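In what follows, a structure is listed as structure tokens, so that the remarks can point back to it.
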Ligand SMILES: Cc1cc2nc3c(=O)[nH]c(=O)nc-3n(C[C@H](O)[C@H](O)[C@H](O)COP(=O)(O)OP(=O)(O)OC[C@H]3O[C@@H](n4cnc5c(N)ncnc54)[C@H](O)[C@@H]3O)c2cc1C
């Protein structure tokens, strides 16, 4: 039987759950969440030493306004100002919604929500519930879903979005049930697409292993994406995936590399610094400046590059050792900033990184113990990992896809961020997107406009192709295909990029897409069938990413989360060979957004659009009130 809904929500991270809660709250009753699992996704499985949520300033004397916050959201470049204004304006409402649902954001005795400054944040707009802010959000939202009896279907992987004959609107979706292996279709007036970021795209990744992502499905359906080349990378532990930011660096662990079997230990960073003190100063700074940043080359981001050279080029393993310092830390000879920090934190009389960590931030040590890693007895393996994609699908100010109507990409799969974003704005954008999509759907898309025969035709066509695949034997092993893709992405599409390897990778990715298309899935288990089909759309998405990155390096140069190497660049460190010449940024490109969309035969096609400015609105109450009463603000 085919499920018919007004709004289908795909994905149950913080964004998808919030959308379902808000749809229910604004009176859209015919709603269901279809998802892989409530236990999957980034939001429920990730965190950091102080996981940040970004919102309008609400504390003390410091003035703030939606317009000021929008300026800061857009300041990194490649951001549409009108969307930044919405993210700023609705941030207060979305934040208080979470508070009312029971998310324990801290406030003082006067009821003021205290904040702190995060990266790219000139005010104190950031807040946190501790290491697991997004998990707390998911728990509170899921509780409300259960109490409101909103339908939740788990073990469903979306493998296709169904569109009308003109391919300009979405009319439903197709899933594989991972328990039974059956295909299940949902006819829907609207689809809120909340499948998260490309978690399984890179071999070196700090996304939770339980987040894969589903952007390929939307790209195959013809949805436009933007800024796919803008991602965030940083040092993270790999056995238990966690960012080694802040305290983990400020206590000055040793960076040790070994051969593949753990032998031949080397303090590889010493090769690059003129003195032990210079090395310790750089490690300390890495704690503050955690994500890789082209602006910090030369500077603290060289640590990421030296680590990358060990793991990717020399094929060695890199570890942090908190048990001892092989070269003594001479606190008196460190830079004033580092020395003062260590003195003020009372860390001058302890002699190992681990003792410093215990004193500075004991929970940071306990966290690894809780996950089976004892920093007192073993080294911590690390790599420079993919952490977040600032780009994603293109939406308008109501988070509706710009070219596939009735599709609402929200959360990390929506690409509203640009070159750089204030820490915590990802979680805010996901909640704001949920509010906006729900409000728009309730106001404009509550009816039923999908002709039954049109849906049946779309479903028939999708099922015919799948039935033909179902009787063809698998010619590929999806696990191997996924590993190949991940290794390719980490090798050439991470934070160090250059033209020739990307061109080669694009050819390999095209061949991989063809291989996946040529393969069937006869006799695969329900789980393998679902993952085979998911891998097929992931490798399609990979091509969109690689093509965006290739175009990007030629047009923007080194900026944000990645550097570009090439002839004519500047050698980034005297002890590196001449291939390490970094091309400069072309700053004018910060006013442009790169878009990518499948053309009629499915080939990715790239274009640029100028950033829209933050609107300089000076409204008049009576006018805004009338527009609100009449609903004329809901236009797309
Ligand atoms: C280590 C780390 C630290 C971070 N720290 C911060 C921070 O401090 N502040 C901040 O703002 N952001 C941070 N982020 C980013 C932020 O956590 C994510 O952007 C956000 O949680 C994504 O939420 P989401 O709801 O969009 O997606 P997710 O939480 O990833 O949920 C996606 C959902 O979709 C489901 N799904 C995926 N594909 C399919 C499919 N094909 N079919 C059906 N279901 C599917 C998944 O199972 C899951 O339920 C961090 C990320 C990481 C990895």
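Numbering (the working numbering), first residue to last: 8 to 643. Here a beta-carbon is modelled for each residue, glycine too, at the ideal position from N, C-alpha and C. Bear in mind that the values here come from a model prediction, so they are computed numbers and not experimental data.
At what residues does the alpha helix (DSSP H) containing residue i begin and finish?
i           : result
residue 145 : 140-154
residue 556 : 533-562
residue 99  : 98-108
residue 314 : 309-315
residue 22  : 21-32
residue 627 : From DSSP, residue 627 is part of no alpha helix (DSSP H); its letter is neither H nor E.
residue 522 : 506-525
residue 78  : 73-81
On the CB-based measure, 16 or more other CB atoms within 10 Å of its CB, does residue i come out buried or exposed?
i           : result
residue 178 : buried
residue 304 : buried
residue 485 : buried
residue 618 : buried
residue 407 : buried
residue 361 : buried
residue 260 : buried
residue 478 : exposed
residue 614 : exposed
residue 467 : exposed
residue 328 : buried
residue 268 : exposed
residue 529 : exposed
residue 395 : buried
residue 589 : buried
residue 81  : buried
residue 298 : buried
residue 459 : exposed
residue 215 : buried
residue 379 : exposed
residue 113 : exposed
residue 632 : exposed
residue 132 : buried
residue 293 : buried
residue 341 : buried
residue 502 : buried
residue 172 : exposed
residue 56  : buried
residue 611 : buried
residue 40  : buried
residue 586 : exposed
residue 331 : exposed
Using 8 angstroms for Cβ pairs, my map puts residue i next to residue j. What's the rounded Cβ distance?
i           : j           : result
residue 234 : residue 430 : With 8 angstroms as the limit, residue 234 and residue 430 do not qualify as a contact, their Cβ atoms being about 18 angstroms apart.
residue 433 : residue 222 : Contact doesn't hold; Cβ gap of about 15 angstroms is too wide.
residue 311 : residue 391 : 5 angstroms
residue 38  : residue 12  : 7 angstroms
residue 405 : residue 643 : 6 angstroms
residue 551 : residue 603 : 6 angstroms
residue 201 : residue 18  : 4 angstroms
residue 393 : residue 83  : Contact flag wrong, Cβ pair sits at about 18 angstroms.
residue 519 : residue 101 : No, residue 519 and residue 101 are not in contact; Cβ-Cβ is about 39 angstroms, not under 8 angstroms.
residue 326 : residue 263 : 5 angstroms
residue 415 : residue 444 : 4 angstroms
residue 168 : residue 198 : 7 angstroms
What are the boundary residues of the beta strand (DSSP E) that residue i is part of?
i           : result
residue 616 : 611-617
residue 346 : Unbroken run through residue 346 is the alpha helix (DSSP H), 343-351; no beta strand (DSSP E).
residue 50  : Looking at the DSSP string, residue 50 is not in any beta strand (DSSP E); the run it does join, the alpha helix (DSSP H), is 49-52.
residue 324 : 324-328
residue 570 : 570-578
residue 604 : 599-605
residue 13  : 10-17
residue 39  : 38-41
For a test of your reading of the model: does the CB of residue i fall under 8 angstroms from any non-hydrogen atom of ligand 2? Yes or no.
i           : result
residue 242 : Ligand 2 is not part of the structure shown, which contains ligand 1 as its ligands.
### Query
What residue ranges within the segment 149-213 form continuous beta strand (DSSP E) runs of no fewer than 3 residues, ordered along the chain?
158-160, 163-170, 177-184 and 190-200
### Task
Could you pull out every unbroken beta strand (DSSP E) segment of at least 3 residues lying fully inside the segment 357-442, listed in chain order?
387-396 and 414-416
### Whole alpha helix (DSSP H) elements within the segment 440-486, 4-residue minimum
459-477
### Query
Which residue spans inside the segment 211-291 form an unbroken beta strand (DSSP E) run of at least 3?
238-244 and 261-265
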